[in-house]
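Residue numbers (the working numbering): 874 to 1101. Comments concern the structure below.
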Ligand code: SF4
C-alpha cells in the first residue's frame, strides 16, 4: 500500500470513528455546530479560535454573538465592550480589533454578507488560509482543506504519509491531490476531533486507536518498549 492509499484508508477509518467520539472529548464538535449556523457566526468564531482551547472559544464567541448577532451590531459595539467580552482569550485586544473591523467591512463593502471565496476572505485582517478554509467549508459547503496543528501533526508525524511537509500548504496540496473534493472539508473535522480525543499531542491513546496495527508512530513506540 503506498502512502496515498494508506492516507485514504486512514481517513475512512476516522470517518467511521467520528460519530462515536463524544463532544466532551472533542470540543471541536461544539465549534462545528456554531460554524454551521451562519457565515458571519462561522467567521467570527473561527477568527477567535487560534491559540485558544475550543471549549473556551465556544463559550466566549457565544457570548459575543449573543450580544452582537449581526455584522451591523458588532460594527456598532464599542471596542472596549468587545475587548471586555474577549478577555478570556489570548491576544484578545488584537482579536477584538480584527473582528470589529471585519464586521464593519462586511457591512460597508459587502452589503452585510460574508464573502464566499478565498481571495476576499484573505483580505480580512486576522484571517489566514486555515480560518478562510474552515469558513468556506462549514458555512458555504465549499470544498476546502483547513490545515491546523492537529491535521499537520497527525499527517506528518504520526501517520508519516507526508514526513517531508514543511508548511501547512504542503499538506493542503497533498490532501487535495489524494482525496475527492467532497472529502476535503471533512479532513479537518475528523482529524481535529481525533487529535483532541485519541491521537493527542502528548500521550496519544494508541491502545484504543483503530489504527494502532498500521500506524508507524505506534509501531515505533511498541518496538522501543520491547527494546528492539
Ligand atoms: S496509533 Fe496512536 S499515534 Fe497512531 S494514529 Fe492512533 S493514536 Fe495516533
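All C-beta atoms in this analysis are idealised placements derived from N, C-alpha and C, irrespective of residue type, glycine included. None of these values were measured; they are calculated from a predicted model.
With distances taken between CA atoms, residue 1014 lies nearest to 1059 out of 956, 882, 932, 1059.
No residue range can be given for residue 964, since it is assigned to no alpha helix (DSSP H) and is classified by DSSP as neither H nor E.
With fewer than 16 other Cβ atoms inside 10 Å of its own Cβ, residue 1098 counts as exposed.
Secondary structure note for residue 881: its alpha helix (DSSP H) is the uninterrupted segment 876–890. Residues of the same chain with a CB within less than 7 Å of the CB of residue 998, apart from the 5 flanking positions on each side, are 971, 974 in chain order.
With respect to the C-alpha of residue 1026, the residue from 988, 1053, 1005, 1068 having the closest C-alpha is 1068. In this structure, the CA atom of residue 1077 is about 6 Å from the CA atom of residue 1071.
Taking a contact as a CB-CB distance under 8 Å, the pair residue 912 and residue 987 counts as one, their CB atoms being some 4 Å apart. The three-state secondary structure of residue 1074, taken from DSSP, is coil. In the structure shown, residue 912 adopts helical secondary structure according to DSSP, grouped into three states.
Judged by beta-carbon spacing, residue 1061 lies within the 9 Å limit of residue 1019, meaning their Cβ atoms are closer than that value.
With contact defined as three or more Cβ pairs closer than 8 Å, the segment 1037–1049 and the segment 1001–1009 are in contact. Taken through DSSP and simplified to helix, strand or coil, residue 1098 comes out as helix. Secondary structure of residue 944 (DSSP, three-state): helix.
Annotation for residue 1077 indicates a beta carbon within 8 Å of some heavy atom of the ligand SF4. Closest option to residue 904, judged by alpha-carbon separation, among 897, 931, 917, 883: 931.
In this structure, residue 890 has its beta carbon at no less than 8 Å from each heavy atom of the ligand SF4. The three-state reading of DSSP puts residue 977 in helix, counting H, G and I together. Nearest to residue 888 by alpha-carbon distance, out of 1083, 1096, 1089, is 1083.
Rounded to the nearest whole angstrom, the CA to CA distance from residue 965 to residue 1096 is 45 Å. In the DSSP annotation of this structure, residue 997 is not part of any alpha helix (DSSP H), being labelled neither H nor E.
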